[in-house]
Amino acid sequence: MIEAPKILEIRNLSKKFGGLQALSDVSIRVRQGEIASFIGPNGAGKTTLFNMICRLYQPSSGEIRFEDKNLLDFRPHHLARLGIGRTFQNLALFRHGTVIENLLVGMHAHLQAGVLAGVFRFGRAAAEERRAREEVERIVEFLEIEEIRNSPVSVLPYGLQKRVEMGRALATRPRLLLLDEMVSGMNQEETEDIARFVLDLRDELGLTVIMIEHDMNVVMDISDMVHVLNFGVPIASGPPAAVAADPAVIDAYLGRGGS
Ligand SMILES: Nc1ncnc2c1ncn2[C@@H]1O[C@H](COP(=O)(O)OP(=O)(O)OP(=O)(O)O)[C@@H](O)[C@H]1O
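If you're matching positions, the sequence shown starts at -13 in my numbering and goes up one per residue.
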């Protein structure tokens, strides 16, 4: 089988916080259309790695390439335009806005027309707004949140808020989507829904997804590739079954009492 081209390449990435080596020489390749999971016990460096991809942290050394670009040349507010979307561990929604309003905010990065045209809502701005609303409707349908489309986010149960957060990230039109602990705090049914949506992101929308995830059932069920960190060091990479059987991985989890 011909392998898909890589969309993200992390090469020899390291990060030090003062005297603490949070990540050491991490090299990971993510291919287009893959669901990749970053796992590891607490403090392993997963969030640090995410934050470097999202440009919130500057690496101490190493490289990150996204498609044909050096990601280190960009700042966090460039990510949406580059084609990278993310969700946040603590929801980053506009709580008093409705679901639709939150999704439109997500789309803002791609609206081109100027502020004045927006005020008068004519010409290009009106056409853009119409297109944005149509696109938002497609996301609403995809995530099966039609019934709550006009509800303020603040009144929704946590599981649905997380789904809206996924929608907000999708509204930035990503080719690569980073999901940070999507299912933590969710019940079984909400977790299964999210897992199904992640598979649909790959299969129906052709997105590449990277997840930080503590829920091993989700990781093992839906990942194409799993990358394991322990104390900032990459200890295994591969398909879920191979990683789960790797003695170094079993050791890392058992050694810390699981996670
Ligand atoms: N801004 C920071 N300043 C100093 N140390 C930090 C900072 N961010 C992370 N660290 C440290 O780096 C190490 C890796 O932390 P990180 O949050 O990346 O781990 P993690 O794998 O995401 O853990 P968890 O699963 O608990 O979220 C930890 O020892 C943490 O205390």
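Yeah, the Cβ is synthetic: ideal placement off N, Cα and C, and Gly gets one too.
In the structure shown, residue 153 falls within a helical segment according to DSSP collapsed to helix, strand and coil. Rounded to the nearest angstrom, the gap between the Cα atoms of residue 90 and residue 233 is 47 Å. The beta carbon of residue 201 is closer than 6 Å to those of 169 in its chain, skipping five residues each way along the sequence. Assigned with DSSP and collapsed to three states, residue 81 falls in coil, not helix or strand.
Taking a 10 Å sphere around the C-beta of residue 23, we find 16 or more other C-beta atoms and assign the residue as buried. DSSP places residue 186 inside the alpha helix (DSSP H), whose first and last residues are 174 to 189. For residue 32, the Cβ falls inside the 7 Å cut-off from some heavy atom of ligand 1. Judged by DSSP secondary structure, residue -4 falls within the beta strand (DSSP E) whose first and last residues are -8 to 3. Linking residue 10 to residue 84 through their CA atoms gives a straight-line distance of about 42 Å. Here the distance from the Cβ of residue 28 to the nearest heavy atom of ligand 1 is below 7 Å.
Just so you know, the alpha carbons of residue 155 and residue 58 end up roughly 21 Å apart. According to DSSP, residue 166 shares a beta bridge with 198. Distance from the C-beta of residue 8 to the nearest heavy atom of ligand 1 is below 7 Å.
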